[in-house]
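Chain order of the listed sequences is A and B. The working numbering numbers the first residue of the first sequence as 17 and each following residue consecutively. The working numbering numbers the first residue of the second sequence as 1122 and each following residue consecutively. Even for Gly, the Cβ is constructed at its ideal location relative to N, Cα and C. Single-structure report; data block below.
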Amino acid sequence: MSDSGKNDFSDAELMQYLLGSLPAEESERLDELSVTDDDFAWRLREVENDLVDAYARHELSGKMLEEFRAFYLASPRRREKVAFAEDLLRFQASAASVSARAPGKGWSTGSFFSRIFASRRMVLPFAVAASAMVLVFGYLIFDNARLRYETNSARAQQSSLEQNKQELEKELREQRATNAEAQKSLQPGGKSTPDLDQLKMMALVLPPPARGLGPIETVTVHPNADLVVLLLTLESADFARYRVTLKDPATNEVLWRSSELETATGDKPALTISFRTSLLKTQNYVAEVAGLSRSGQTQIVGDYAFHVVVK
Amino acid sequence: MKKDWTQTESSFQKFLRWLDEGADSSGEKYLEMRRRLVAYFDRKNSPNADELADETLARVAQKLEEKGQITDLSPAHYCYITAKFVFLESLREAKRSQTGLEEITEAGHPDLEVASSAFQKPLFEDEEHRFDCLDRCLKKLSTKDSELILEYYHGEQQEKIQHRRQLSEKLGLSANALSIRACRIRSKVEICVKECCGK
């Protein structure tokens, strides 16, 4: 089957499709691909499995969680998938604990409880092990509470980023509307001239650089797009002004440099930069953020790595 | 199209060959197309996705029987276009039923009523039985496959990505090939669990 549809959509768009929140036209295109394109059909299944697993693991939050509950769970067939994911998760957790007790054996799909109690000789060691496990569980409960707190904080931060992004998109829409109005007023005859409303932008929100290795964000840039807008979120606003430099990490060549910037207001400090897409090709980039102190000194705050796919 | 058409063994075999496009898949192409159609109707929130998928396949088979051959579109495209018609017809049918239902219920959209009442029902009565079914279905797999599915879907976010990368290196498979293999095994287990639970 054709390869055309396979990579035209990001995982995020496929999730929107599965959650019924994609515009009708795109949705119809995906409907077609889901039946006619082998590669796409498998990819969609993979994304759906991951989405359902994420729900089962309580990893979804905000709008996505709402849409999942409102749309995805409306179908009995899809609820069956969720039940399966929950069982699989439970099974993995149980199998992992059995495997931990029998190191080197890897995953076991046997009926682990029946095996444990199969022999009477196992009862006493099991009782001793159970006592030890009470202590371990005590620690795990404490650690779990700490992790939950951290996860909730991360979710709150993510939600705040999402809000920032939405506000930015709203501002852009309003700006476009104003531009379109201004154009209309300049054109009494209504003749066609280049329309600012047609300015195509790609937006990407980049979280503060993580310590250690992690996946880098990918932005898919259409060759006909005009601008890329990046929202760089900061851990804290320690400087009055900032400067951002776009670099090619392979050669360290400076491709673009911002003017002096102030952080955007919001729950989380962030810097907004935009540059022409013609600067970019398919490869990795780094947006180096430097803080400018009042005395004029410059200090590197962080490197925001991201991957660009032009297609 | 004749409404009272009945599929014969020979017309069904002909339909399978047409779906296979020259390669003998032993009915796998048919089952895969049916799965895709069921998922398509289900994403449209059709309450009877299985029936609509079967109706679609039956209509395509009938058309093939009547025309002798269908060459202007690939089997998958032809099935999709037929499915769209079947879906639109089901909407019209639902609208007709809705008019009748609205006379007896004042509250909201009947489809939503149906969905919301279905949502209240427990999925499977016995959670432990379902879990036991999963255990049994995983045991039916080869050790290699059961290990693969448990490892592939293990972990959260970053850990999961790392895990899959290691797994594809270990098995000498591309990420895409590994994901398809894992999806196939998972579908197989899901079907097995449904059958075990008597669905």
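Checklist entry - When you compare only the Cα positions, how much space is there between L1259 (chain B) and F25 (chain A)? => result As a working note, residue 1259 (chain B) is residue 138 in the second sequence. As a working note, residue 25 (chain A) is residue 9 in the first sequence. Cα to Cα, the separation comes out at about 33 Å.
Checklist entry - Going along the chain, which residues of its own chain have a beta-carbon closer than 6 Å to the beta-carbon of M347 (chain A), five neighbours each way excluded? => result One cannot answer for residue 347 (chain A) here, as it falls past the ends of chain A, which runs 17 to 327.
Next on the checklist: Whether or not the segment 291-307 of chain A and the segment 315-324 of chain A are in contact is what I'm after, with contact meaning three or more pairs of Cβ atoms, one per stretch, closer than 8 Å; do they touch?
Outcome noted: Short answer: they touch.
Item to check | Burial state of V270 (chain A) (16 or more Cβ within 10 Å) | outcome: As a working note, residue 270 (chain A) is residue 254 in the first sequence. Label assigned to V270 (chain A): exposed.
Checklist entry - If L1158 (chain B) and V51 (chain A) are in contact, beta carbons under 8 Å, what's the gap, nearest whole angstrom? => result As a first step, residue 1158 (chain B) must be located in the second sequence, where it is residue number 37. As a first step, residue 51 (chain A) must be located in the first sequence, where it is residue number 35. Rounded, the Cβ-Cβ distance is 7 Å, consistent with contact.
Next on the checklist: Tell me which residues of the segment 1187-1199 of chain B have at least one Cβ-Cβ distance to chain A shorter than 8 Å, keeping chain order.
Outcome noted: Taking a C-beta cut-off of 8 Å against chain A, the contacting residues of the segment 1187-1199 of chain B are S1195, A1197, H1198, listed in chain order.
Checklist entry - Hey, L220 (chain A) and T249 (chain A): beta-carbon distance below 8 Å or not? => result For this step, residue 220 (chain A) is matched to residue 204 along the first sequence. For this step, residue 249 (chain A) is matched to residue 233 along the first sequence. Result no, Cβ atoms of L220 (chain A) and T249 (chain A) do not sit closer than 8 Å.
Checklist entry - Going along chain A in order, which residues have a C-beta closer than 7 Å to the C-beta of H1275 (chain B)? => result For the purposes of this step, residue 1275 (chain B) is identified with residue 154 of the second sequence, where counting begins at 1. Using a Cβ-Cβ cut-off of 7 Å, H1275 (chain B) is close to Q108 of chain A, given in chain order.
Checklist entry - Is it true that the CB of R1217 (chain B) sits closer than 8 Å to the CB of I1270 (chain B)? => result Within the second sequence, residue 1270 (chain B) is the residue found at index 149, counting from 1. Within the second sequence, residue 1217 (chain B) is the residue found at index 96, counting from 1. No, the Cβ-Cβ distance between I1270 (chain B) and R1217 (chain B) is not below 8 Å.
Checklist entry - Do the CB positions of T293 (chain A) and L247 (chain A) come within less than 8 Å of each other? => result Numbered from its first residue, the first sequence carries residue 293 (chain A) at position 277. Numbered from its first residue, the first sequence carries residue 247 (chain A) at position 231. Against a cut-off of 8 Å, the Cβ pair of L247 (chain A) and T293 (chain A) comes out as no contact.
Next on the checklist: To be precise: take each residue of the segment 1298-1312 of chain B, compare its Cβ to all Cβ atoms of chain A, and keep it if any distance is under 9 Å. Which residues remain?
Outcome noted: The segment 1298-1312 of chain B vs chain A, Cβ under 9 Å: S1300, I1301, A1303, C1304, R1305, R1307, S1308, V1310, E1311.
Item to check | C-beta contact flag for R1251 (chain B) and C1318 (chain B) at 8 Å | outcome: Sequence index remark: in the second sequence, residue 1251 (chain B) carries index 130 (1-based). Sequence index remark: in the second sequence, residue 1318 (chain B) carries index 197 (1-based). With respect to the 8 Å criterion, R1251 (chain B) and C1318 (chain B) are classified as neighbours on the basis of their beta carbons.
Item to check | Proximity winner among A:W58, A:N240, A:L30, relative to A1296 (chain B) (alpha-carbon distances) | outcome: Residue 1296 (chain B) sits at position 175 when you count from the first residue of the second sequence. Here the closest residue by C-alpha is A:W58.
Checklist entry - Which stretch, first to last residue, makes up the alpha helix (DSSP H) that contains R59 (chain A)? => result By 1-based counting over the first sequence, the position of residue 59 (chain A) is 43. Element bounds for R59 (chain A): 54-72.
Item to check | Span separating the alpha-carbon of L277 (chain A) from that of R310 (chain A) | outcome: Walking along the first sequence from the start, residue 277 (chain A) turns up at place 261. Walking along the first sequence from the start, residue 310 (chain A) turns up at place 294. Rounded to whole angstroms, the gap between the alpha carbons of L277 (chain A) and R310 (chain A) is 13 Å.
Next on the checklist: Taking the alpha-carbon of S274 (chain A) as reference, which of A:K263, A:K284, A:E233, A:T267 has the nearest alpha-carbon?
Outcome noted: On the first sequence, residue 274 (chain A) is found 258 positions in, with the first residue counted as 1. Taking only the C-alpha atoms, the option nearest S274 (chain A) is A:K263.
Checklist entry - Which stretch, first to last residue, makes up the alpha helix (DSSP H) that contains T1071 (chain B)? => result Chain B is shown only over 1122 to 1320; residue 1071 (chain B) falls outside these bounds and no answer can be derived.
Checklist entry - Quick one: is D69 (chain A) buried, meaning 16 or more other Cβ sit within 10 Å of its Cβ, or exposed? => result Within the first sequence, residue 69 (chain A) is the residue found at index 53, counting from 1. By the neighbour-count definition (other C-beta atoms within 10 Å, threshold 16), D69 (chain A) is a buried residue.
Next on the checklist: Tell me the rounded alpha-carbon separation between T1321 (chain B) and T1177 (chain B).
Outcome noted: No answer is possible for residue 1321 (chain B): the residues shown for chain B start at 1122 and end at 1320.
Checklist entry - To which residues of the same chain is V326 (chain A) closer than 7 Å at the C-beta, ignoring the five residues directly before and after it? => result Within the first sequence, the letter at position 310 stands for residue 326 (chain A). The beta carbon of V326 (chain A) sits closer than 7 Å to the beta carbons of V237, P239, L296, K297, T298 from its chain, once the five residues preceding and following it are set aside; these are given in chain order.
Checklist entry - Taking Cβ-Cβ distances shorter than 9 Å, what residues in chain B pair up with V51 (chain A)? => result The count along the first sequence starts at 1 and reaches residue 51 (chain A) at position 35. By Cβ distance, chain B contributes M1154, R1157, L1158, A1160, Y1161, A1197, H1198, C1200, Y1201, A1204.
Checklist entry - Where does the unbroken beta strand (DSSP E) through N300 (chain A) begin, and where does it stop? => result On the first sequence, position 284 is the one that residue 300 (chain A) refers to. DSSP places N300 (chain A) in the uninterrupted beta strand (DSSP E) bounded by 299-308.
Next on the checklist: Cβ closer than 8 Å: which chain B residues qualify as neighbours of P231 (chain A)?
Outcome noted: Working through the first sequence from its first residue, we reach residue 231 (chain A) at position 215. Q1279, I1282, listed in chain order.
Item to check | A1215 (chain B) beta carbon near the ligand FAD (any heavy atom closer than 7 Å) | outcome: In the structure on display, the ligand FAD does not appear, and there are no ligands present to speak of.
Checklist entry - In terms of DSSP beta bridges, what is Q315 (chain A) paired with? => result Here residue 315 (chain A) refers to the residue found at position 299 of the first sequence. Paired residue(s): A:G307.
Item to check | The alpha helix (DSSP H) enclosing I232 (chain A), as first and last residue numbers | outcome: In the first sequence, counting from the first residue as 1, residue 232 (chain A) sits at position 216. Note, I232 (chain A): premise wrong, no alpha helix (DSSP H); not H, not E.
Checklist entry - Roughly how many angstroms separate the alpha carbons of R1156 (chain B) and E48 (chain A), rounded to a whole number? => result The residue labelled residue 1156 (chain B) in the question sits at position 35 within the second sequence. The residue labelled residue 48 (chain A) in the question sits at position 32 within the first sequence. C-alpha separation (whole angstroms): 14 Å.
Item to check | Proximal residues to E83 (chain A) (C-beta, below 6 Å), its chain only, five neighbours per side dropped | outcome: In the first sequence, counting from the first residue as 1, residue 83 (chain A) sits at position 67. Same-chain partners within the cutoff: L35, S37.
Checklist entry - What residue range is occupied by the uninterrupted alpha helix (DSSP H) comprising L1140 (chain B)? => result Counting from one through the second sequence, the residue named residue 1140 (chain B) turns up at place 19. L1140 (chain B): member of the alpha helix (DSSP H) spanning 1130-1141, first to last residue.
Item to check | Residue span of the alpha helix (DSSP H) that contains A28 (chain A), given as start and end | outcome: Taking the first residue of the first sequence as position 1, residue 28 (chain A) is located at position 12. Counting along the chain, the unbroken alpha helix (DSSP H) around A28 (chain A) starts and ends at 27-34.
Item to check | K1291 (chain B), enclosing beta strand (DSSP E) - first and last residue | outcome: For this step, residue 1291 (chain B) is matched to residue 170 along the second sequence. No beta strand (DSSP E) contains K1291 (chain B), which is instead part of the alpha helix (DSSP H) from 1278-1292.
Item to check | Beta-carbon proximity check, M1154 (chain B) vs A1197 (chain B), cutoff 8 Å | outcome: Here residue 1154 (chain B) refers to the residue found at position 33 of the second sequence. Here residue 1197 (chain B) refers to the residue found at position 76 of the second sequence. A contact, by the Cβ cut-off of 8 Å.
Next on the checklist: Measuring alpha carbon to alpha carbon, tell me which residue in A:A266, A:G78, A:W272, A:N268 is nearest R259 (chain A).
Outcome noted: On the first sequence, residue 259 (chain A) is found 243 positions in, with the first residue counted as 1. Taking only the C-alpha atoms, the option nearest R259 (chain A) is A:W272.
Checklist entry - Nearest to R1286 (chain B) by CA position, among A:S252, A:P231, A:A226, A:P224, is which residue? => result Locating residue 1286 (chain B) in the second sequence gives position 165, where the first residue counts as 1. Restricting attention to A:S252, A:P231, A:A226, A:P224, the CA atom closest to the CA of R1286 (chain B) is found in A:P231.
Item to check | Under the three-state DSSP convention, the category V139 (chain A) falls into | outcome: Taking the first sequence and counting its residues from 1, the one referred to as residue 139 (chain A) is at position 123. Low per-residue confidence applies at V139 (chain A): pLDDT is 47, beneath 50, and the placement is therefore not dependable enough to give any value.
Next on the checklist: Taking only three categories from DSSP, how would you classify E83 (chain A)?
Outcome noted: Taking the first residue of the first sequence as position 1, residue 83 (chain A) is located at position 67. E83 (chain A) sits in a helix when the DSSP states are folded into three classes.
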